[in-house]
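S.K.:
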Amino acid sequence: MSNDPRAELALLTSALEEHLTAITNSRGEQDASIENAYVAIANAFERYEEALFETFEEVTPLEVFIEDDDDEEEFDYDFEDQDDQDFASEDAEN
């Protein structure tokens, strides 16, 4: 691992490009290359974040999302309806 944030950013950018390529060339829903590219992005991001912190004591506003199979079953929510309700509540208050 490099402690150079620029080098780590280049690796992160490359991982993102590889992910896009994997998606573009997908061979189906269970394509392992997409999962591998997903993991590569997460790993590259963690290394970039660590290099940023070690060099500048700064971080990004991002975090790696780790999906749990159980979460899919519990989290089935329609965000659009909630947004509409939030706006309706704000309008009623004003």
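Under the numbering used here, the first residue of the sequence shown is numbered 22, with each subsequent residue one higher.
For glycine and all other residues, C-beta sits at the position ideal for the given N, C-alpha and C.
Remember, predicted model here, so these are calculated numbers, not experimental data.
(1) Could you work out which residue in Pro-82, Ala-72, Thr-81, Val-80 is closest to Ala-28 when comparing CA atoms only?
(2) Beta carbon of Glu-39, beta carbon of Ala-53: below 8 Å?
(3) Let me confirm a value: Phe-77 is counted as buried when at least 16 other C-beta atoms fall within 10 Å, else exposed. Which label applies?
(4) DSSP three-state label for Thr-34, please.
(5) Please return the same chain residues whose Cβ sits closer than 7 Å to the Cβ of Ala-63, not counting the five positions on each side in sequence.
(6) So, for Glu-75: in the same chain, excluding its five sequence neighbours on each side, which residues have a beta-carbon less than 7 Å away from its beta-carbon?
M.R.: From the atom records:
(1) Ala-72
(2) no
(3) exposed
(4) helix
(5) Val-85
(6) Asn-24
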